[in-house]
Structure formats: structure tokens, C-alpha cells
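Okay, structure first, notes after.
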Amino acid sequence: MKVVVIGGAAMGMGVVAKLKRLDPKAEIVVIQKNNYVSLGACGIPYYIGDNFADANIMLARKVEDFEKIGVKVLTNSIVTEVDFKNKKVIAKSNENNIIENYDKLVIATGGTPIINEVLSKQYSNCFTVNSKEDGEDIKKIKSKAKNIVIIGAGLIGLEVAENLANNKVNISVIEKGSRPLANLFDPEFTDLIETELEKNKVNLIKNTEIKEIFSTNDKITEVELIDGTKIKCDLLICSIGVRPNTDFLINTNLKLNERNAIIVDKTGATNIKDVYAGGDCVQTFGRTYKNPVYSPLATVASKHAVIVAENLVGIKSEFAGALNTAIVKIFDLELARTGENSRFLTESKIKYEEVLIKDKDHTNYVSGQRDLWVKLIKDVKKNTLIGCQFGGYDKAIMRIHSIIAMIWNQDVLDPSVNQIDLPYAPPFSRTKDIINIALSKIIEK
Ligand SMILES: Cc1cc2nc3c(=O)[nH]c(=O)nc-3n(C[C@H](O)[C@H](O)[C@H](O)COP(=O)(O)OP(=O)(O)OC[C@H]3O[C@@H](n4cnc5c(N)ncnc54)[C@H](O)[C@@H]3O)c2cc1C
């Protein structure tokens, strides 16, 4: 069996690693755009923030590691076309065309940053945050930048804001919507983010967009917002989200959704025989309501990789659904979320109840006691927990793990659930933990 994998990051190399374990004789060819594989892109904001000096640390495995186990890795090669009928992949490497035949094909091309329309031209001080090179380029010029503008108050934009912040720079985050991270968190939690940004002198400007870019030669010097406000800019970061990297598949017989994400079934199979896909280039589905979702997270991609590899060798495994669980640190503030939020439930007309509790993370007589917030959301009809959000400090939000397990299993809320036997010792919690309190309230609703 010859398997060709397009894309060499979490999904692509995840498939390769698992497949080689399941079938050491499988012939595998990876076609990868970059000159490296297995980039852990999640590290880029922290590399920019000088948490570590060598960007190569973000490469979980090297090309040579895969070559040693007999995998052919074609780097600096971009797939431009797939001939599904004749089972051929066509790629460009420098000026040469490469053609690889396949028995089975895995598409793992991930996501590509969405570029703001006003940035149609290339500027030398404007970047996305997606590749190792992006991180390296930003790091090269950041020390010369006094005025930094970030477009988009999403996970990446806010992580980058934190990592670029210091008392010598002015950072403005321009957000089109009315709240930061509004897709993930409810207003009570996005309010915490706004307070934290303000405390750290990050200027969040909401409900607006950049209307015009002013530049000298190829360098942005200033941006103008739709209300006419002008902001000086030495470094501009565009982080307004990702879209599936599937341009080369448009107008083929491969089924894509309205956002051009590849449609796959629970096994990762596409509508074309012997063609699989997973990770940030596919539409996946939510665990609780089985609704189609786009969930561009490393956690999801790595699970898709295992499922696809197993199905390639004939093991009938299925993806179990995504809860869109995410966690983020913004300066001191830490937030975690899982499952559905009030925005989705209202839009979907699902009857829900919620409780919001503010408490302390541990006893008052052990130093460092901090505030902790939790929201639990339940489906009234099913009487199950379907969503949870936490906000707090010093990793107290990791309590979300226990709630994730309840949501994952769709446990019907038993009246005794408020007695759930959680651990207690003074430095960690209180005798009645915030989770016990929140569960007591939600079962009464
Ligand atoms: C800055 C940043 C921070 C993140 N932080 C987190 C986090 O904290 N937690 C989390 O869960 N997720 C995080 N993510 C998301 C996570 O990195 C992705 O979900 C994950 O990388 C998806 O893996 P993938 O293999 O599907 O796609 P990608 O990682 O996008 O990899 C796709 C690969 O395919 C290559 N490729 C694309 N097109 C072609 C082509 N035509 N021919 C050949 N090769 C091609 C690309 O160059 C790339 O190497 C973060 C992402 C970024 C950018």
C-alpha cells in the first residue's frame, strides 16, 4: 500500500507516525510545503515572547527522524493539483513538477491565516502568526517596534499581545466584534479579559476595523480606523482567524462545505474512495449535538490523525466528536472552556440553564488566595451538562478537567452530584470547592 500525505504537521505527521507503527511496511510519501515537519505552531507566541531562543524547539520531530523509519519526505514542495481519477498528486518543488501516484491519499493541509482585505499588498512589517518563519520574522523586528497593532482579539492575537507587551511599547488590538474571544466565551468571561488587558495597558479597540493603511516604501507607518482614528504602527500582526487550506481542491469532485472545509465522515473518509482528510482542513462535528463544526485545534488534529491511520489499515475506528475545549493565558488571567456557550445555544434555540459562581481558589490562610469563576450550562431537556467556562489564576482553572469528563460522558445530573468527592487541602481548594457549589445550584435549576 502506498500512502501519500499532503501536509506535514500535527495531522499529517500524526498519521505517518501511527501508520508506521500499525503497518511498518507501508510505503509513505509526505509532500510538505515547508522545509521542516511537525511544527508545534502553538509555541510561536511564546517564541516571540522570548520564552525560548531556538525556534527549532517547536519542531516535535525532524525530517531525518521520519526518513530513518523509511518515510520519503519531500520538503519545499507544494501540492497544486490532485487527479483523483488517476490517483495522482501533482506538486511543485522549486520550478520542478513532482508527480506521485497513490493507493490511498491523506489531505492534511491545515489552515491558512485569513488576511484582512486592507492588507492586499505585501508590507515588510506586517505578519501573520502561523509558521516558524512568521515567528522568526516578528522576533527580528520586534525590538525596533514601539507601536504595535494587532488585528483580531482571538486566541492567537491575545497570546501575541501578551508576549509582545512590555513597558516600552504601545499595543493596540483592533477587534471587529463587540467582545474579545466572543466565539469561545460568554460576556462574564470576556469582561475579565478586557479588565486584564486594560490592567496591562493593552489598548483593546472594539466594534471597529482598519479602513486604511499608510506606508512609506513597503513599511506600514500608520493605520486608520473606520471612525477616522489614526494609530501609529511599526509592526502589524494580522490574526483574524484561519480558513481551510484547500484552494487547490476547489472545483474538484471532493466535497467541501460553504467555508471550503473538506467534508469527512467519522472515519476521516471523504466522498472520494481512498481519500482521507483531517485536522484544520476539515469540517468535523460537535460531540453533544453532532452539529458540523470547524475546530482548528491541535488537540482535534491529533485525534483525527490516529483515526485516519487506523482506518487506512482497516481498523474501523471513529472520531468521537469535539467539545471545542480550549484554554488560554492572557497575562495573569487564565481561562478555559468546553462544550457549548450561550451564544451557540441561543442561536440553536436549545433550552438551557446556567449558573455563574464566583469564589476563591483556596483557603484564606494560605498565601496567594485568588478569585475563581465558573459557569456551568445544562441542557434542560436532557438534564445533562453541556458547557463550562472557568476564569482564574495560578492554574486553578484546571478543575475544568472533571467537568469535561461529565460533559463527555453526557451523564444525567443525579441529585447527589453536588457531593462529588473532590480533593481538598488548604493550598489547593476549600472544603466545599467551587465545583460542588456550582453543581448544587445547577441541579436546582
Ligand atoms: C500561533 C498558533 C497558536 C496555536 N495554539 C494552539 C493551542 O494552544 N492549542 C491548540 O490546541 N491548538 C493551537 N493552535 C492550532 C494548532 O496549531 C492547529 O490546530 C494544528 O497545527 C493543526 O494541524 P494540521 O496538521 O491540521 O494543520 P497545520 O498545522 O496547519 O499543518 C498543515 C501543513 O500542511 C502544509 N501545507 C499546506 N498546504 C500544502 C500544500 N498544498 N502542499 C504541501 N503542503 C501543504 C503546511 O505548510 C503545514 O505544514 C495554534 C495555532 C497557531 C498558528
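Everything in the sequence shown is counted per this note's numbering, starting at 1006 for the first residue and increasing by one. Ideal Cβ placement from N, Cα and C applies to all residues, glycine included. Just so it is clear, the structure is predicted and the values come from calculations on it, not from any experiment.
- Annotated as proximal: K1271 and E1323, with beta-carbon spacing under 7 Å.
- Contact between T1133 and D1142 does not hold, since their C-beta atoms are separated by about 10 Å, which reaches or exceeds 8 Å.
- DSSP lists S1177 as the beta-bridge partner residues of N1208.
- The Cβ-Cβ distance between Y1052 and A1046 does not fall below 7 Å.
- Beta-bridge pairing by DSSP links F1349 to no other residue.
- Taking the CA atoms as reference points, F1071 sits about 26 Å from F1089.
- About 6 Å separates the beta carbons of I1355 and D1384, which is inside the 8 Å limit, making them a contact pair.
- For Y1051, the uninterrupted alpha helix (DSSP H) segment begins and ends at 1049-1053.
- The beta carbon of L1202 is closer than 6 Å to those of L1209 in its chain, skipping five residues each way along the sequence.
- Counting along the chain, the unbroken beta strand (DSSP E) around K1224 starts and ends at 1224-1230.
- Around the C-beta of A1022, 16 or more other C-beta atoms lie within 10 Å, and the residue is accordingly described as buried.
- When A1274, I1218, R1435 are compared, the shortest CA-CA separation from I1320 is found for A1274.
- Ligand 1 has a heavy atom closer than 6 Å to the beta-carbon of T1114.
- Rounded to the nearest angstrom, the gap between the Cα atoms of T1213 and P1185 is 12 Å.
- For the 7 Å CB-CB criterion, L1079 and L1064 do not form a contact.
- Taking non-hydrogen atoms of ligand 1 into account, the C-beta of M1006 is found less than 6 Å away from none of them.
- As the crow flies, the alpha-carbon of W1413 is around 36 Å from that of I1242.
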